[in-house]
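In our numbering, the protein residues as written are 40 to 303. For each residue, glycine too, the CB sits at the ideal point set by N, CA and C. Quick caveat, the model's predicted, so the values are computed rather than measured. Shown next, in structure tokens, is the structure this report addresses.
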Amino acid sequence: MDGNKTFFGAAAVPAGELSDTASHNALEGTDGAECATTGIGEATPVPITPTDETTAEYKCETQSEGDRKAIHVGLRDQVSRFKPGSVIKYISYHPGWPGGQGQLISDTMWAAATDWNSRNPGVKFQWTLVRAEAAFEVVYGGTHATAVASAFFPNEPRGAQPRQLLVYDKTFTPSGLSRMRNSFQHELGHVMGLRHEHANTSSEPTPAILIGVKNPLSIMGYLFQRSIQATDIEWLKYFYTLANGTVLRSENNTYSWPIRDYNP
Ligand SMILES: [Zn+2]
Numbered sequence: 040m041d042g043n044k045t046f047f048g049a050a051a052v053p054a055g056e057l058s059d060t061a062s063h064n065a066l067e068g069t070d071g072a073e074c075a076t077t078g079i080g081e082a083t084p085v086p087i088t089p090t091d092e093t094t095a096e097y098k099c100e101t102q103s104e105g106d107r108k109a110i111h112v113g114l115r116d117q118v119s120r121f122k123p124g125s126v127i128k129y130i131s132y133h134p135g136w137p138g139g140q141g142q143l144i145s146d147t148m149w150a151a152a153t154d155w156n157s158r159n160p161g162v163k164f165q166w167t168l169v170r171a172e173a174a175f176e177v178v179y180g181g182t183h184a185t186a187v188a189s190a191f192f193p194n195e196p197r198g199a200q201p202r203q204l205l206v207y208d209k210t211f212t213p214s215g216l217s218r219m220r221n222s223f224q225h226e227l228g229h230v231m232g233l234r235h236e237h238a239n240t241s242s243e244p245t246p247a248i249l250i251g252v253k254n255p256l257s258i259m260g261y262l263f264q265r266s267i268q269a270t271d272i273e274w275l276k277y278f279y280t281l282a283n284g285t286v287l288r289s290e291n292n293t294y295s296w297p298i299r300d301y302n303p
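Below you can see the structure in the form of structure tokens.
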């Protein structure tokens, strides 16, 4: 992932949301303001970009089991997850976006977060105006050769700075703009610990563990028709009911990794 980008100052409030802190705090804990959490991780740098979302064509990955449904989790030696029930707070900023699109970014990220929250996957997302309490910040990432956006997995340490969900220039093309909400849903899937639908193919350098069965229409795939699937929710909910430390095994049983819970 790129190094931390510049922090841009004034936070953006989603349109229609109350902007004063007191009212915002009052919103938390209500059914309509769901949130989730994230954590810390190993420091071993590995040259992979599993959370980059390839854009442009949203190329279709060949699936050998096209009618099966699943989610993929885990990376390297563990299955990282935010502690079940966590509220994952994020902050986005008005300045720093091409074409002054800070409000659009704020509105769209909250819409994507609400899409997940309304399905109760096991954690909740919540916007905040306070950077110090944000698990991650939404920042313009500049030019990227192939991706529209990138995120992180729960085991990425927050440290003194929020983690970053980077939005690249390709998001601001006509096709990128038209799919922004869908793209943000996908990135938030990574934040909850999900790997790509095609994680166990030659297109990804590190294996993942399958929970359930495959579904090429998963929001974590690259199909143009992808959306949050009932199976995404079903297996994500199941994943978040498992106990911290539960060992998950790969399909062929060649590797097994424990679930590790992290705080946002
Ligand atoms: Zn992705």
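Residue i to residue j span [Cα, whole Å]
i	j	result
Tyr207	Ala173	21 Å
Ala54	Gly198	30 Å
Ala186	Gly284	33 Å
Pro201	Asn239	30 Å
Lys253	Gln224	18 Å
Gly228	Pro246	17 Å
Trp166	Leu233	21 Å
Ala75	Gly124	Below a pLDDT of 50, predicted positions are generally treated as unreliable, and Ala75, at 23, falls in that range; the measurement from the model is reported next regardless. So the alpha carbons of these two residues sit roughly 6 Å apart.
Arg218	Pro303	27 Å
Ile127	Phe164	5 Å
Asn156	Ser257	17 Å
Gly215	Leu281	36 Å
Asn221	Thr212	14 Å
Leu114	Ala190	14 Å
Gly138	Glu273	38 Å
His133	Thr153	20 Å
Gly260	Val177	22 Å
Ile250	Ser289	9 Å
Val286	Met231	18 Å
His183	Thr210	10 Å
Pro160	Val169	25 Å
Tyr294	Asp116	9 Å
Ala269	Lys276	11 Å
Thr147	Asn291	39 Å
Gly180	Ala151	19 Å
Arg265	Ala171	34 Å
Gln140	Asp300	35 Å
Trp149	His235	22 Å
Arg158	Ile267	10 Å
Asp271	His237	14 Å
Span of the beta strand (DSSP E), counted from its first residue to its last, around residue i
i	result
Lys128	126–131
Val118	118–121
Opposing strand residues paired with residue i [DSSP bridges]
i	result
Asp154	None; Asp154 has no bridge partner.
Pro297	Val286
Ala50	Tyr132
His114	Contrary to the premise, residue 114 reads as Leu rather than His in this sequence. Looking at the DSSP assignment, Leu114 forms a beta bridge with Gln117.
The alpha helix (DSSP H) enclosing residue i, as first and last residue numbers
i	result
Phe263	Neither: Phe263 is in no alpha helix (DSSP H) and is coded neither H nor E.
Leu275	269–280
Whole-number beta carbon distance between residue j and residue i, since they are thought to touch under 8 Å
i	j	result
Gln142	Ala51	6 Å
Ile248	Val162	That belief does not hold up - the Cβ atoms of Ile248 and Val162 are roughly 19 Å apart, past 8 Å.
Val118	Pro297	7 Å
Glu243	Ala188	The pair is not a contact, with the Cβ atoms about 17 Å apart (cut-off 8 Å).
Phe121	Pro193	5 Å
Phe278	Ile110	7 Å
Trp136	Ile130	Incorrect: roughly 14 Å between the Cβ atoms, too far for contact.
Leu205	Phe175	Not a contact, Cβ separation roughly 10 Å.
Distance cut-off 7 Å: residue i Cβ against heavy atoms of ligand 3
i	result
His225	As for ligand 3, it is missing from this structure, which binds only ligand 1.
Within-8 Å CB hit, residue i to chain D
i	result
Gln264	Reference to chain D is not applicable here, since this structure consists of a single protein chain.
(message) Could you tell me which whole alpha helix (DSSP H) segments of length 4 or greater appear in the region 164–234?
(response) 213–217, 219–230
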